[in-house]
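Participant: Heads up, the sequence shown is in our numbering, so the first residue is 679 and it goes up one at a time.
Dropping the structure in here first, questions after.
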Amino acid sequence: MAKHDDDPRPTPPEPPAPSECCDSGCDPCVYDLHAEAVERYRRKLRKWHKRHPDQADTA
């Protein structure tokens, strides 16, 4: 079993498809929700790197 199998590197969120935005000014817009998900991903990735300093940041 690899060292990081029980603590996998976080994966970035998929961006919304262009067809998911209706361009009517929704609050929140799918792009706003994606931006929030990206920020959560970045926080998780920073914490993961602290737990795994031997892993290069390739993402």
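Note that beta-carbon positions come from the ideal geometry of N, C-alpha and C, so glycine has one too.
Being a predicted model, the structure only gives us computed values, none of them experimental.
For residue 689, tell me which candidate among 733, 699, 716 and 707 has the shortest Cα-Cα distance.
Facilitator: Of the candidates 733, 699, 716 and 707, the one whose C-alpha sits nearest the C-alpha of residue 689 is 716.
Participant: Can you name the start and end residues of the alpha helix (DSSP H) that residue 714 belongs to?
Facilitator: 708-729
Participant: Grab me the residues of residue 704's own chain with a C-beta within less than 7 Å of its C-beta, minus the 5 sequence neighbours each way, in chain order.
Facilitator: none
Participant: According to DSSP, simplified to helix, strand and coil, what is residue 690?
Facilitator: coil
Participant: Residue 694: which of 721, 713 and 728 sits nearest, CA to CA?
Facilitator: 713
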